[in-house]
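Input: a single structure, listed below in structure tokens.
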Amino acid sequence: MDDFLAARAQMAMSLGFHIIFSCVGMVMPFLMAFAHWKYLNTKNEVYKGLTKAWSKGVAILFATGAVSGTMLSFELGLLWPEFMKHAGPIFGMPFSLEGTAFFIEAIAIGFFLYGWDRFNKWFHWFCGFLVGLSGLASGILVVAANAWMNSPAGFDYVDGQYLNIDPIKAMFNEAWFPQALHMTVAAFCATGFAVAGVHAYLIMRKKNVEFHTKAFRIAAGFALIGAFGAPLSGDIAAKSVAERQPIKLAAMEAHFETEKGASFVIGGMPDEEKEEIKYALKIPKVLSFLVSNDFDSEVKGLKDFPKDEWPPIAVVHYAFQIMIFFGVVMIIIGMIYLYAVFFKKEWLTRNWLLKTFLYATPFGYIALEAGWTVTEVGRQPWIIYGIMRTADAVTPMPGIQYSFYFFTAIFVSLSLIIIFLLNRQIKMVPKLYDPTDAQFNPKNKKS
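Residue numbers 0 to 446, in numbering that gives the first Met the number 0, belong to the letters of the sequence shown in order.
What follows is the structure, encoded as structure tokens:
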């Protein structure tokens, strides 16, 4: 493994892990706040226990996200010093604001965890809700920095110099809203399905059924918001990509020839040497319509761009197909669940429906990782699109592969620790969180 490949692999691995931690941290506080709101309005102690159980999970994942996010900050300087030298002064503002949001989140989660029976009940609830708002803000601000890499703005690039820097324009670049919206919706979808899947499994075990049923229904509701919102946010993001990065769109679809009335491709195997895609199902004119709301509009093909600016076509195309596939599957599951809620309530307790959500537990995060791959790999060979190539930004320091091995070991260890801690939390439900269980100890009510 050469140093350039090792640096890219380390960044990909770190982002792959962190995106899961951060998305759970963005969404779980809202599930927690909703359960708390239900408790305040119904006085049902099960909702109080559920709120406390989820709040401990939020605390665990907040700590993990803080560690992984800090590591990523160091990696940017360690692996890509040339990039940070020029880009840091331009898009540093969203990172600074993200730090502010992080501190607000830390304070709010402390207030919430230790504020039971100490604060006004609605102020206490607001602290929990604020954890979600600040976590969401952190995610959006980081995505704004990434969006700047896809749509550089807020400076003039003259003779290799970055002049007339405007941090506000850099932060609110053309890509930030489409990316932030799609990322937020995807986070709600992925986390909602993951949490619903875990509680569906626990319902099927016939233990603490009422507790886990309430948790399942809240999580499923959030999952549906994300699943049904994804096509809309995805359409906005795709139109933005078509305008700003047509070569990325062409790679997503493995679209080699410029044509009017371009077909939308489902499946297929791209052949870069022959510049064609094999075994694909093509839906005539749909890609043109999705790009511009015109069935006969022209869509540029890869052949219109220099080959040395092509991203890895197969990786981008397959990742895009994976994202679309799992997104559609989750929409179908969401439609079945909605039908059950309104017309077939007896389905809600059937094992086949619970198993469907159980099997769908990882679907949202698979789609999320695939979408992030499209975003990042589709930008290559640029680290700042159209301005700085990734190969020109990497550190000259040798031995990066050892850093890759070290950071990989840390992230794997973090993941194992999370699994252990969350599993322990689940096992403590009968004793600490479910007041309907015979094992519940009233002395632990304030825990």
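Glycine included, every Cβ here is placed at the ideal spot set by N, Cα and C.
DSSP places residue 430 in the helix class (H, G or I) of the three-state scheme.
Taking C-alpha positions only, residue 93 is separated from residue 120 by approximately 33 Å. Bounds of any beta strand (DSSP E) do not take in residue 174, whose DSSP letter is neither H nor E. Given a length threshold of 4 residues, each whole run of the alpha helix (DSSP H) inside the segment 369-413 is given here in chain order: 389-392.
In the structure shown, residue 155 adopts extended strand secondary structure according to DSSP, grouped into three states.
DSSP places residue 362 within a helical segment (H, G or I) once states are collapsed to three.
For residue 264, DSSP records a beta bridge to 281. As DSSP reads the structure, residue 162 sits in a beta bridge with 155. Counting every other CB atom within 10 Å of its CB across the protein chains shown gives residue 415 a total below 16, marking it as exposed.
In the displayed model, residue 303 falls within a helix according to three-state DSSP.
If you ignore the 5 residues before and after residue 85, its C-beta comes within less than 6 Å of the C-beta of 161, all in its own chain and listed in chain order. The three-state reading of DSSP puts residue 269 in strand, counting E and B together.
Setting aside the 5 residues that flank it on each side, residue 343 has no residue in the same chain whose C-beta is closer than 7 Å to its C-beta. Across the set 274, 291, 204, 271, the C-alpha of 291 shows the shortest separation from the C-alpha of residue 234. Looking at the DSSP output, residue 275 bridges to 270.
Annotation: the segment 12-63 contains no complete segment of the beta strand (DSSP E) (minimum length 3 residues).
Take residue 318, set aside five residues on each side of it, and the residues of its chain with a beta-carbon closer than 6 Å to its own are 369, 372, 373, in chain order. Taking a cut-off of 8 Å for Cβ pairs, the segment 219-227 and the segment 64-74 do not touch, as fewer than three such pairs fall below it. Per the coordinates, the alpha-carbon of residue 339 lies some 9 Å from the alpha-carbon of residue 352. Within the same chain, 30, 191, 194, 195, 198 come within 7 Å of residue 218 by CB-CB distance, once the 5 residues on both sides are set aside. Looking at 129, 46, 184, the one whose alpha-carbon comes closest to that of residue 35 is 46. Taken through DSSP and simplified to helix, strand or coil, residue 74 comes out as helix. DSSP, read as helix, strand or coil, puts residue 259 in strand. For the segment 106-153, the continuous alpha helix (DSSP H) assignments of 4+ residues that do not extend past its boundaries occur at 120-149, in sequence order. Within the same chain, 100 come within 6 Å of residue 136 by CB-CB distance, once the 5 residues on both sides are set aside. Relative to residue 33, the option among 177, 294, 53 whose CA is nearest is 53.
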